[in-house]
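Participant: Line order of the protein sequences matches chains V and Z. Taken in order, the first sequence gives residues 115 to 320; the numbers are from our numbering. Taken in order, the second sequence gives residues 115 to 320; the numbers are from our numbering. In this text, a Cβ means the ideal position worked out from N, Cα and C, and glycines have one as well. This is the structure I want to talk about, given as structure tokens.
2 protein chains.
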Amino acid sequence: MTRIDHPEPLKRLAVQLRRLPGIGPRGAERIALWLLGGKDRTRPGDLAAAVKEAADSVHSCVQCGFLTDTPMCAICADESRAAGPLCVVEQATDILPLERTGVFRGRYHALGGRLSPLDHVGPDDLRIPALLVRCRSTPAPSEIILALGADVEGEATARYLAEILHGEFPPLPITRIAQGLPAGGGLESADELTLARALSGRVVIG
Amino acid sequence: MTRIDHPEPLKRLAVQLRRLPGIGPRGAERIALWLLGGKDRTRPGDLAAAVKEAADSVHSCVQCGFLTDTPMCAICADESRAAGPLCVVEQATDILPLERTGVFRGRYHALGGRLSPLDHVGPDDLRIPALLVRCRSTPAPSEIILALGADVEGEATARYLAEILHGEFPPLPITRIAQGLPAGGGLESADELTLARALSGRVVIG
């Protein structure tokens with residue numbers, strides 16, 4: 115007596131779908147069945163074509179690492195941003211959230227990760243040489259803003275970058291984005307470390 | 115000043131991903147970025163290949179409508195199930211959940227939908243002629259079990275099928291799966307209609 119199950123190609127599709135972030139085993143099965151359903155059977159082709167088109171045409175900006183389908187991204191191509199501050203982020207996907215805040219009008223530099231000895235990620239694995247080249251170029255950035263994560267690896271990466279940047283470009287201001295209470299968060303929902311950093315980072319308002 | 119956003123092919127991929135069941139706008143963006151990330155860039159190809167393979171090889175069983183990658187599905191190909199009861203379901207995707215209960219050892223027949231005048235789905239849009247052919251064949255099914263939804267359309271479809279089946283095959287038993295309290299559900303969480311059906315469907319136990 116054979117155990118009845120989905121056909122193997124459907125199960126292989128569900129395995130691939132389970133790799134996607136936020137998709138569990140039931141969600142993957144549901145999506146696989148949805149893809150193979152529909153009267154006109156256009157769903158699999160539509161999805162596969164969109165995946166292929168994006169994979170073929172989207173790549174990293176040669177200068178900053180942001181995702182683009184042109185040789186240089188729209189931010190790096192915008193000459194009005196040339197001489198402003200340079201914002202260093204860990205991942206290319208960190209750029210759009212910062213850009214959407216609307217408060218920053220400079221350029222970005224994605225490192226492609228952060229220092230993490232436990233994961234065997236050292237300075238040579240990040241786009242740090244390219245960052246130094248940009249700091250040496252003309253017009254030079256007016257400031258280096260380190261917009262890295264507020265965790266141990268983010269801290270270590272920020273300290274490392276501050277040290278080598280200050281060594282080569284002593285007059286260049288190097289800043290780090292603030293840590294403190296998240297917007298809308300009360301003190302009762304903040305952990306001790308967040309409160310400690312909010313306290314030590316306090317600003318004069320009157 | 116141009117508004118910076120993801121490249122168009124990435125946005126088109128996110129639009130396709132949003133069509134998948136259970137994926138919202140943020141999930142679609144996250145999946146699209148994940149697909150285009152990864153050191154070796156194999157993720158888009160792996161997914162597109164699995165989608166294409168499933169779409170090319172998975173189809174409906176010619177007899178019962180279950181999803182299969184062989185001409186006839188494993189259930190219809192199993193001769194030991196030939197003369198047993200025939201379980202009628204709305205969708206091919208209803209078959210596996212029933213099969214996984216382990217209490218049914220007959221064959222299935224997926225209608226491909228249910229009667230729904232508001233959606234312009236009439237008897238001619240469902241696989242009802244194929245059901246009648248199977249009832250006329252040898253060996254004939256021993257019983258027709260209607261495993262349709264407990265909603266208005268499911269009820270209407272069950273009544274319609276019971277009428278035409280009883281008209282052509284008067285001795286053939288036609289049953290319907292029970293309605294009542296779901297397993298683990300207390301009376302306080304059941305709605306009135308469920309309770310009314312549970313009451314009228316009560317069974318003698320002593």
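With distances taken Cα to Cα, identify the nearest neighbour of residue 153 of chain V among Z:227, Z:303, Z:119.
Facilitator: Z:227
Participant: Buried or exposed for residue 182 of chain Z, going by 16 or more other Cβ atoms inside 10 Å?
Facilitator: buried
Participant: Helix, strand or coil: which one does DSSP assign to residue 289 of chain Z?
Facilitator: strand
Participant: Do residue 219 of chain V and residue 200 of chain V count as a contact pair if the criterion is CB distance below 8 angstroms?
Facilitator: Contact: no.
Participant: Less than 8 angstroms between the CB atoms is what I'm expecting for residue 134 of chain V and residue 145 of chain Z, so what's the real figure, rounded?
Facilitator: Rounded, the Cβ-Cβ distance is 5 angstroms, consistent with contact.
Participant: Using DSSP with H/G/I as helix, E/B as strand and the rest coil, what is residue 308 of chain Z?
Facilitator: helix
Participant: When the distance is taken between beta carbons, is residue 141 of chain V closer than 8 angstroms to residue 169 of chain Z?
Facilitator: no
Participant: Answer yes or no: does any C-beta atom of chain V fall closer than 8 angstroms to that of residue 159 of chain Z?
Facilitator: yes
Participant: Among V:157, V:118, V:207, V:151, whose alpha-carbon lies nearest the alpha-carbon of residue 118 of chain Z?
Facilitator: V:207
Participant: Mind pulling the chain V residues with CB within less than 7 angstroms of residue 213 of chain Z?
Facilitator: 118
Participant: Ordered along the chain, which non-local residues of its own chain (more than five positions away) have a Cβ less than 7 angstroms from that of residue 325 of chain Z?
Facilitator: Residue coverage of chain Z in this structure runs from 115 to 320, which leaves residue 325 of chain Z outside it and unanswerable.
Participant: Could you have a look at residue 245 of chain Z and say whether DSSP puts it in helix, strand or coil?
Facilitator: helix
Participant: Nearest to residue 295 of chain V by alpha carbon, out of V:303, V:288, V:269?
Facilitator: Nearest C-alpha to residue 295 of chain V: V:303.
Participant: Evaluate residue 292 of chain Z with the Cβ neighbour count: other Cβ atoms within 10 Å of its Cβ, from every protein chain shown; 16 or more gives buried, anything less gives exposed.
Facilitator: exposed
Participant: Please give the ranges of any alpha helix (DSSP H) in the stretch 190-263 of chain Z, keeping only runs that are unbroken, at least 4 residues long and fully inside the region.
Facilitator: Those alpha helix (DSSP H) runs which fall completely within the stretch 190-263 of chain Z and span 4+ residues are 209-215, 242-250.
Participant: Could you say which of V:172, V:122, V:120 lies nearest to residue 127 of chain Z if we only look at CA atoms?
Facilitator: V:172
Participant: Given this structure, state the Cα-to-Cα distance separating residue 309 of chain V from residue 298 of chain V, to the nearest angstrom.
Facilitator: 14 angstroms
Participant: Among residues of its own chain, excluding the 5 on either side of residue 186 of chain V, which ones have a beta-carbon nearer than 8 angstroms to its beta-carbon?
Facilitator: 175, 176, 177
Participant: Below 9 angstroms between beta carbons is the criterion; list the residues of the stretch 159-185 of chain V that meet it against any residue of chain Z, in chain order.
Facilitator: 159, 160, 161, 162, 163, 164, 165, 166, 167, 168, 169, 170, 171, 172, 173, 180, 181, 182, 183, 184
Participant: Tell me, please, whether the CB atom of residue 257 of chain Z is closer than 8 angstroms to any CB atom in chain V?
Facilitator: no
Participant: Are any of the Cβ atoms in chain Z nearer than 8 angstroms to that of residue 204 of chain V?
Facilitator: no
Participant: Taking all protein chains shown into account, decide if residue 258 of chain Z is buried (16 or more other Cβ within 10 angstroms of its Cβ) or exposed.
Facilitator: buried
Participant: Under 8 angstroms between C-beta atoms, does residue 200 of chain V make it to chain C?
Facilitator: The chain labelled as chain C is not found among the protein chains of the depicted structure, namely V and Z.
Participant: Interface residues of chain V around residue 210 of chain Z at Cβ under 8 angstroms?
Facilitator: 118, 119, 120
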